[in-house]
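K.L.:
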Amino acid sequence: MEAYSLSEVNKYIKQVIALNFQETLWIKAEISQIKESRGQYYLELVEKDETTDEVVAKMNAAIWYKSYLFIRKKLGDLADQILQDGTSIQCKASIDFHEKYGLKFTIEDIDPSYTFGQLELERQKTLQKLKEENLLEKNKYNTSPGQVIQRIAIISSKTAAGYIDFKEQLFTNPYTYAFETKLFNASVQGKNLEPEILKCLDKVEALKDQFDCVVIIRGGGSKLDLSGFDSYEIAKKVANFPIPVLSGIGHEIDNNVIEFVVYKALKTPTAVANYILDHNTEFEGSILDQFQKIRFAAFQNINSHKNKITQFRNNLKNNSYLHLNKAAESTKNIKTAIVYNYSRALSESKHQLEKIYQQIEYSNPQKILDKGYSLNYKNNKLVSSTEQLEIGDQLTSHLKDGKMTVSVKSIEKNK
Amino acid sequence: MDIKKISYEEAYNELQQIAQDLEKHELPVDSLTKKVERAAELMNYCKDKLRSIEGKLDDLFDETE
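Residue numbers (my numbering), protein chains in the order written: chain H, 1 to 415; chain V, 1001 to 1065.
1. Helix, strand or coil for residue 32/H, going by three-state DSSP, please let me know.
2. Quick check on DSSP: helix, strand or coil for residue 1048/V?
3. Is it the case that the Cβ atoms of residue 139/H and residue 232/H are separated by a distance below 8 Å?
4. Can you check whether the C-beta of residue 320/H is within less than 8 Å of a C-beta belonging to chain V?
5. With 16 other CB atoms within 10 Å as the buried threshold, where does residue 285/H fall?
6. What are the uninterrupted segments assigned as alpha helix (DSSP H) that are 4 or more residues long and contained completely in the segment 330-389 of chain H, given in chain order?
7. Note down, in chain order, each residue of its chain lying with its Cβ closer than 6 Å to the Cβ of residue 383/H, except the 5 sequence neighbours on either side.
8. Could you tell me whether any Cβ in chain V is nearer than 8 Å to the Cβ of residue 176/H?
9. Evaluate residue 342/H with the Cβ neighbour count: other Cβ atoms within 10 Å of its Cβ, from every protein chain shown; 16 or more gives buried, anything less gives exposed.
10. Counting only C-beta atoms, is residue 89/H closer than 8 Å to chain V at any point?
11. Hey, how far is the Cα of residue 125/H from the Cα of residue 119/H?
12. Just the chain V side, please: which residues come within less than 7 Å of residue 416/H by C-beta, in chain order?
13. Any contact between the segment 129-139 of chain H and the segment 93-108 of chain H? By contact I mean 3 or more CB pairs, one from each, below 8 Å.
14. Just verifying my parser: in three-state terms, what is the DSSP assignment at residue 1025/V?
15. Between residue 61/H and residue 93/H, how many whole angstroms is the CB-CB distance? I'm expecting something under 8 Å.
16. How far does the beta strand (DSSP E) with residue 103/H in it extend, from its first residue to its last?
17. If you draw a straight line from the alpha carbon of residue 395/H to that of residue 380/H, how long is it in whole angstroms?
18. Any idea if residue 398/H is buried or exposed, counting beta-carbon neighbours within 10 angstroms, 16 or more meaning buried?
19. Taking DSSP's pairing of strands, which residues face residue 26/H in a bridge?
20. Can the beta-carbon of residue 154/H be found less than 8 Å from the beta-carbon of residue 89/H?
21. Here's the rule I'm using: 16 or more other beta-carbon atoms within 10 Å means buried, otherwise exposed. How should residue 86/H be labelled?
22. Can you tell me where the beta strand (DSSP E) with residue 47/H in it begins and where it stops?
23. Using C-beta distances below 6 Å, list every residue in its chain close to residue 256/H, excluding the 5 sequence neighbours before and after it, in chain order.
24. Is the Cβ-Cβ distance between residue 242/H and residue 205/H less than 8 Å?
25. Comparing alpha-carbon positions, which option in 267/H, 247/H and 26/H lies nearest residue 258/H?
26. Buried or exposed, going by whether 16 or more other CB atoms sit within 10 Å of the CB of residue 156/H?
27. Counting only beta-carbon separations shorter than 8 Å, does residue 280/H have a partner in chain V?
28. Taking the runs of the alpha helix (DSSP H) that are 4 residues or longer, which of them lie wholly in the segment 217-246 of chain H?
29. Taking a cut of 8 Å between CB atoms, which residues from the segment 176-203 of chain H lie near chain V?
30. Can you give me the start and stop residues for the beta strand (DSSP E) that residue 451/H sits inside?
31. Any beta carbon of chain V sitting closer than 8 Å to that of residue 312/H?
32. Would you mind reading off the limits of the alpha helix (DSSP H) that contains residue 162/H?
33. Determine, using beta carbons only, whether residue 284/H comes closer than 8 Å to chain V.
34. Starting from the Cα of residue 291/H, find the closest Cα among 1004/V, 1018/V, 1007/V and 1053/V and give me that residue.
35. Indicate whether at least one CB of chain H lies closer than 8 Å to the CB of residue 1062/V.
36. Answer yes or no: does any C-beta atom of chain V fall closer than 8 Å to that of residue 147/H?
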């Protein structure tokens, strides 16, 4: 039986591979592990079953220093963001078999659009899942920050520019509102983002009564840099969070999954601070409004009291005048009555006097004398009856224009 | 109620109630004065509370991980 040495076999394999893979290939795979050593990158590429997540293919790959420099030049910072555990990549690689080191892909180029596409696909899947589980607006509708936001849990990185911006904006506010903040330090990029943010959320949840809301903030970053915020686990946690979660993690809204589940998504940390300030000024405005209303209503109340008093006074005045006038009127009437009665009485007595006078006039003896009668006096007593007379009496008889002495010669009585 | 223990919500609700009372009824002058005084107290309390914090968590106690 003829046997081959290992090197002979490996040389043969090398020839077969080299003949069949003369040109480079574009390969889609996920980086399951990546290590850097002296500027060279060693990767383990895998392909997973979409439903079971089980590894169905695996291959080692390397990026030599020269290729890395090329990729770095082409993609900038993105290169390092793509070359991370867990990233799906599409890379241009040559396939070599080395007698000693075995089969290996040598990566010469990377297509970032594939990575973005995969991220987007993943993002859409996560969003769909959250939607199906009714988690998308749960935090928005199930929590409320109350009338005023003053006690704020901040999940961010202590050194992140966004965190500093946020505090600056919040604490130097023109309304001089006071705030309490507590930082929960977490990575806001890279592979530690998910576990660290979840851990912080757990801590805040345990202290939920001490906070009006929690804000998750970081400065702007590239799309890939922020992809940690597409995490389903973070989104689920945020959706179910007992207090409102505000986010300010990028310069565009609706980029990341987390922004679909928070109470309010804002573009930047500064915008989050402004949102909180607006929330509080709105409250203060509303209490000032209420007070204005109260003041107005109080003035109206007082005016109404005043009006009543004025009305009362006017009534009192008017009634007094009315009474006075009545009194005056009646006094006048009395006077008129007195005058009337007086003059009537006067004319009546005048009339009576005249009557008496006339009667007197009538009974004036002179009148009788004028008519030719005479009046006879005996011893200065008027003689009106024969009974007073005796024969021989001397009488003084008064005529209209003089008197005479008369002697009684005879007396003859009427029968 | 002791104003020191009032929350913003309670203060706001009480203000709203006072406003309603005043708009609806014509109150006797004495209770009117009392209500307006209470309203001013509530308003000033909220304004002060917005600008001062009792407990100081602040970043003194920030975790340094």
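Note that CB positions come from ideal geometry on N, CA and C, so glycine has one too.
P.N.:
The answer reads as follows:
1. strand
2. helix
3. no
4. no
5. exposed
6. 365-370
7. 376
8. yes
9. exposed
10. no
11. 10 Å
12. Chain H is shown from 1 up to 415; residue 416/H falls before or after that span and cannot be answered.
13. no
14. coil
15. 6 Å
16. 102-110
17. 9 Å
18. buried
19. 92/H
20. no
21. exposed
22. 40-48
23. 226, 229 and 230
24. yes
25. 247/H
26. buried
27. yes
28. 232-239
29. 176, 177, 178, 179, 180, 181, 182, 183, 184 and 185
30. Outside the shown range of chain H (1 to 415) lies residue 451/H, about which nothing can therefore be said.
31. no
32. 161-171
33. yes
34. 1018/V
35. Confidence is the limiting factor: at residue 1062/V the pLDDT is only 48, short of 50, which leaves the residue's position unreliable, though a coordinate-based value still follows. By this cut-off, residue 1062/V is an interface position.
36. yes
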